[in-house]
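Chemist:
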Amino acid sequence: MLVLQEVAGAVPHNSFEPILPGLIVLLPLIGFVINGIASLVAVRDTSRERAVSPWTQRLPSIVAPGVMLVAFILAVMNFFRMAGAELHEPLVVHYWSWLPAGDLQVDAALQLDPLSILMTLIITGVGMLIHVFSVGYMRADPGYPRYMAYLNLFVFFMLVLVLGASFPLMFVGWEGVGLCSYLLIGFWFADRANADAGKKAFIVNRIGDFGFLMAMMILFANLGTLTFGAVFAEAPVVFAYSGPVITAICLFLLLGAAGKSAQIPLYVWLPDAMAGPTPVSALIHAATMVTAGVYMVVRSATLFALAPSASLTVAIVGTLTAVFAATIALKQWDIKKVLAYSTVSQLGFMFAAVGMGAYVAGVFHLMTHAFFKACLFLGAGAVIHAMHEGLHATHSHADAQDMRNMGGLRRYLPVTFFAMAAATLAIAGIPPFAGFFSKDEVIGAAWIGAGGASPLSEVTLLGIAGSTWMTFIGVMLSAAAFMTAFYMGRMMLYTFFGPNRTGEAERSHLHEVGWSMKIPLIALGLLSVIGGWINIDPHVPIVEWFTPLAIGGPAALHDWLHPVLVGPEAVIAANLPNLPEPHHAAWGILLAIAIGVAGLLTAWLFLKPDRLGTAEAEPNYTDTPGRLLYNKWYVDEIYGKVIIGPFQALSRGFSSIVDRWIVDGLVDGAGRLMHGLGRLGGLTQTGQLNTYAFILVLGVLVVLGAFAF
Amino acid sequence: MLTLNIALALSAILFVIGVAGVIVRRNAIILFMCIELMLNAVNLAFVALSPYAGIQGQVFVFFVIAVAAAEAAVGLAIIISVFRHAESVDIKNFSLLRW
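In the order they appear, the protein sequences are chains E and Y. Position 374 of the first sequence, counting from 1, maps to 373 under numbering that gives the first Met the number 0, and the rest follow consecutively. Position 88 of the second sequence, counting from 1, maps to 87 under numbering that gives the first Met the number 0, and the rest follow consecutively.
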């Protein structure tokens, strides 16, 4: 990974010729327009109190997954073209000049390189499967066309985010996905809690966006450009290694990434985002959008390589998030909340990886996580769907998402169970499932850094040496991995094992979901098994045993992403020429496997689904740690007291004093002043002709006098 | 030269009398007469100056007379109408359009 590639030939020349890259981005937008029209027609029909045109409900089922399928095929074709071609530098496709504002020249241009095409594959591929799933899951909803329109729009913005060739264009996608996230979280906006959750997500993200904007402005002030190619070429020349400016830029970028990718302290919106439809949670709040922060850090790897202390901060933030969120997931009863905190925790793993400079490991985990977490969320969606049908049959008001009301579902939802089981083994890190290879690489990077072979090992942060920090990161991530295995085992046990607690009458209505939902589950379950095999590193002990399984050659992902990481590697090679070779220890891998197995075993041995009661019968946690974790460490309450409370008090103060007396006073005062002046002027209008004549004559005399003298 | 000065002085006196009448009197008919007085004061000035300033002054006098005649017709009609309505031609009573 840290070997510098020799540039072949004097003039690098790309032989890669993309096939309609613009169309990949455009197709979801076309889908959005068509579904949007269908949605408007449906709304018009409803408002005129007549039957909704049937085509508005049928068309999105074809259009929405259809555009995704075509976009995915195009992405795959481009991927194979790129794989078969020589690509020495990112290929930038210019369309038009978007922001020609003085020194700031931004083109509407797409950047095609191994990283962006990989992200495009994940987005269109997983996205397509989730669109298909959504057809089954959302078809009966009155807002179905609107839902599909938003989903298509989301994919459009996400593709702009990853394919844009400059920071401003990335920011457009960044804001766009935030908007779609807001729209989809509050999709059932008639319920106030959902609308509030949408607002929370949007507002928390704004804090992050402030960081992104600040980083962009500082970059522009120093470099005079925001195009990726130019920024990453000039940054190592302009900025001093570990200098204050580049560190500030990277910390602001971290703030932006923390907002979008739900890291401490801005993670609070993601668990609430589960108010949206479950496929949305799978696509936006697990597989794609929330990984935008990770993508941004990898994209800006050259900048982060220049700012090692900021990188270490990224890693520490990620590690703390991973542990913190994992503890909360231990005690949640809502199946989607478990997965939400699990997502926050796994995003923490990715942040830890990219922070430590293990960019490939971060992207690798991003990819495998997209597979198994999408699978888990869709599985949860299938479970909730079945539960809803069961509870609906008897008009029961029991919570369809509460695991205490489930139990024994593997008999009723066998396909869902097997897909989710595969994904659970993947996230727990059991070999040879996908998550084992990626999570192992992340934790392995920490052990390597602890051994002094990382560019961050020499950095001191808060008076503590980098290698000590890395040991801390390794230990904490291992703890988080143990908790991950445990809470996933707990979720599976309570949902699928033991006796069924749904109720006698409801039980007969529990059915496996339809084919449109089964196929994406099976596909993602399969990917959760084999997804890790594209990056089996034969140089790592124990992992090498799995080399025969490798897809696309050993360590294929490392080779694939290598061209993207030439920049940061050059920075490190120039500034830290004496870095020791990284050394993978066998004990680290064994520990990772042991942790995963131990977590699942602990859940299996210590949790008794047989003794669990339903949500009504089973009281909430009464012991202090249980209460603390179930209530998410009371972070929302603390934020409410410390930030939102004072802020609202300040707002109230402003509204009752500044707004009411000063602003309103100014506005009303202006009106009153004019009114009074009018009164005063009105006095001259006596209605007496003589007065008018007199004033007229006076006026004439004044004018004449002016002429005379 | 002397005649011109006398004519202009007379014109000025007549005009001022007219202005003073419009300012101090309240009877609509009187006001009307004062306006006529002013118009004719101007006419006198036009005619007196025409040997020096050209024939246009005399032409303009005819226009003024014609307009004054039309004005008198309309104005007297309005005054009659007002009198029928209010039994008075005192302009002090007519201030309805004031705020």
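In this text, a Cβ means the ideal position worked out from N, Cα and C, and glycines have one as well.
Where does the unbroken beta strand (DSSP E) through Ser-96(E) begin, and where does it stop?
Modeler: Its beta strand (DSSP E) spans residues 90 to 100.
Chemist: Can you find the residues in the same chain that come closer than 6 Å, C-beta to C-beta, to Gly-317(E), ignoring five residues on each side of it along the sequence?
Modeler: Taken in chain order, the residues that qualify are Gly-347, Phe-350, Ala-351, Gly-354.
Chemist: Who are Ile-463(E)'s beta bridge partners in DSSP?
Modeler: DSSP, once it has assigned bridges, lists Leu-460(E) as partnering Ile-463(E).
Chemist: Relative to the alpha-carbon of Ser-60(E), which residue among Ser-38(E), Ile-72(E), Val-267(E), Arg-47(E) has its alpha-carbon at the smallest distance?
Modeler: Minimum Cα distance to Ser-60(E) is reached at Ser-38(E).
Chemist: Can you grab the Cα-Cα spacing for the pair Glu-5(E) / Gly-228(E), in whole Å?
Modeler: Note that Glu-5(E) has pLDDT 41, beneath the 50 cutoff, so the model's placement of it is unreliable and the number below is only indicative. Between Glu-5(E) and Gly-228(E), the C-alpha separation is close to 19 Å.
Chemist: Check whether the Cβ of Val-662(E) lies closer than 8 Å to any Cβ atom in chain Y.
Modeler: Not closer than 8 Å to any Cβ of chain Y, the Cβ of Val-662(E) fails to qualify, so no.
Chemist: Report the option in Gln-331(E), Glu-440(E), Ala-139(E), Leu-600(E) whose CA atom is closest to the CA atom of Thr-55(E).
Modeler: For the residues Gln-331(E), Glu-440(E), Ala-139(E), Leu-600(E), the minimum Cα distance to Thr-55(E) belongs to Ala-139(E).
Chemist: Can you pull the chain Y residues whose beta carbon is under 8 Å from the beta carbon of Gly-686(E), in chain order?
Modeler: Within 8 Å Cβ-Cβ: Phe-93, Ser-94, Leu-95, Leu-96, Arg-97.
Chemist: Would you mind stating whether Phe-726(E) and Ala-597(E) have Cβ atoms separated by less than 8 Å?
Modeler: Residue 726(E) lies beyond the range of chain E shown here (0 to 708); nothing can be said about it.
Chemist: With burial defined as no fewer than 16 other Cβ atoms inside 10 Å of the residue's Cβ, what is the status of Asp-439(E): buried or exposed?
Modeler: So Asp-439(E) ends up on the buried side.
Chemist: Contact between the stretch 251 to 259 of chain E and the stretch 284 to 296 of chain E: three or more CB pairs below 8 Å?
Modeler: Result yes; three or more Cβ-Cβ pairs closer than 8 Å.
Chemist: Between Ala-357(E), Gly-497(E), Gly-378(E), Gly-462(E), which has its C-alpha nearest Ala-445(E)'s C-alpha?
Modeler: Comparing Cα positions, the closest option is Ala-357(E).
Chemist: Any beta carbon of chain E sitting closer than 8 Å to that of Ile-90(Y)?
Modeler: Output row for Ile-90(Y): interface = yes.
Chemist: Am I right that Pro-113(E) and Trp-559(E) are in contact with their C-beta atoms under 8 Å? What's the rounded C-beta distance?
Modeler: Right, their Cβ atoms sit about 5 Å apart.
Chemist: Excluding sequence positions up to five away, which residues of its chain have a Cβ less than 6 Å from the Cβ of Met-295(E)?
Modeler: Once the five neighbours on either side are set aside, the close Cβ partners of Met-295(E) are Ala-256.
Chemist: Consult DSSP for Gln-331(E) and reduce its assignment to one of helix, strand or coil.
Modeler: Correct three-state label for Gln-331(E): coil.
Chemist: Rounded to whole angstroms, what's the CA-CA distance from Gly-83(E) to Leu-111(E)? Just pull it up for me.
Modeler: Taking the straight line from one Cα to the other gives about 14 Å.
Chemist: By the three-class DSSP mapping on this structure, what secondary structure does Ser-38(E) have?
Modeler: If DSSP states are grouped into helix, strand and coil, Ser-38(E) belongs with the helices.
Chemist: Is any beta-carbon of chain Y found at less than 8 Å from that of Phe-188(E)?
Modeler: No, Phe-188(E) does not count as interfacial toward chain Y.
Chemist: How should Leu-19(E) be labelled, buried or exposed, when 16 other C-beta atoms within 10 angstroms of its C-beta is the threshold for buried?
Modeler: The residue is exposed, with fewer than 16 neighbouring Cβ atoms inside 10 Å.
Chemist: Taking 8 Å as the threshold (C-beta atoms), are Met-386(E) and Met-491(E) in contact?
Modeler: Their beta carbons are not under 8 Å apart, which means Met-491(E) does not touch Met-386(E) by this criterion.
Chemist: Beta-carbon separation of Leu-1(Y) and Leu-36(Y) under 8 Å?
Modeler: No, Cβ-Cβ distance for Leu-1(Y) and Leu-36(Y) is not below 8 Å.
Chemist: Please report the straight-line C-alpha distance between Phe-436(E) and Val-69(E), rounded to a whole angstrom.
Modeler: The alpha-carbon atoms of Phe-436(E) and Val-69(E) are separated by roughly 31 Å.
Chemist: Using only alpha-carbon positions, find the residue among Ser-654(E), Leu-183(E), Phe-211(E) that is nearest to Ser-280(E).
Modeler: When each option's Cα is compared against that of Ser-280(E), the closest is Leu-183(E).
Chemist: Measuring alpha carbon to alpha carbon, tell me which residue in Ser-308(E), Leu-682(E), Lys-199(E), Leu-564(E) is nearest Gly-242(E).
Modeler: When only C-alpha atoms are compared, the closest one is Ser-308(E).
Chemist: Should Leu-672(E) be labelled buried (16 or more other beta-carbon atoms within 10 Å of its own) or exposed?
Modeler: Counting Cβ neighbours within 10 Å, Leu-672(E) comes out exposed, since fewer than 16 surround it.
Chemist: What does DSSP give as the partner residues of Asp-106(E) in its beta bridges?
Modeler: For Asp-106(E), which the question treats as bridged, DSSP gives the partners Ser-96(E).
Chemist: I need the DSSP call for Gly-197(E), collapsed to helix, strand or coil.
Modeler: The answer is helix: DSSP assigns Gly-197(E) an H, G or I state.
Chemist: Are Thr-494(E) and Leu-408(E) touching if we call contact CB-CB under 8 Å?
Modeler: Yes, Cβ-Cβ distance for Thr-494(E) and Leu-408(E) is below 8 Å.
Chemist: Listed in chain order, which residues of the stretch 25 to 36 of chain Y have Cβ atoms closer than 9 Å to some Cβ of chain E?
Modeler: The residues in question are Arg-25, Ala-27, Leu-30.
Chemist: Quick one: grab the DSSP three-state call for Leu-683(E).
Modeler: According to the sequence as given, residue 683(E) is Thr; it is not Leu. Residue state, collapsed to three classes: coil.
Chemist: To the nearest whole angstrom, what separates the beta carbons of Val-343(E) and Thr-320(E), a pair I think is in contact under 8 Å?
Modeler: That pair is a contact at about 6 Å.
Chemist: Between Phe-323(E) and Cys-249(E), how many whole angstroms is the CB-CB distance? I'm expecting something under 8 Å.
Modeler: No, Phe-323(E) and Cys-249(E) are not in contact; Cβ-Cβ is about 22 Å, not under 8 Å.
Chemist: Taking 8 Å as the CB-CB limit, is Val-32(E) close to chain Y?
Modeler: It does not; no Cβ of chain Y falls within 8 Å.
Chemist: In its own chain, which residues sit with a C-beta less than 6 Å from the C-beta of Gly-795(E), not counting the 5 before and 5 after it?
Modeler: Only positions 0 to 708 of chain E appear in the structure, and residue 795(E) is not among them; the question remains open.
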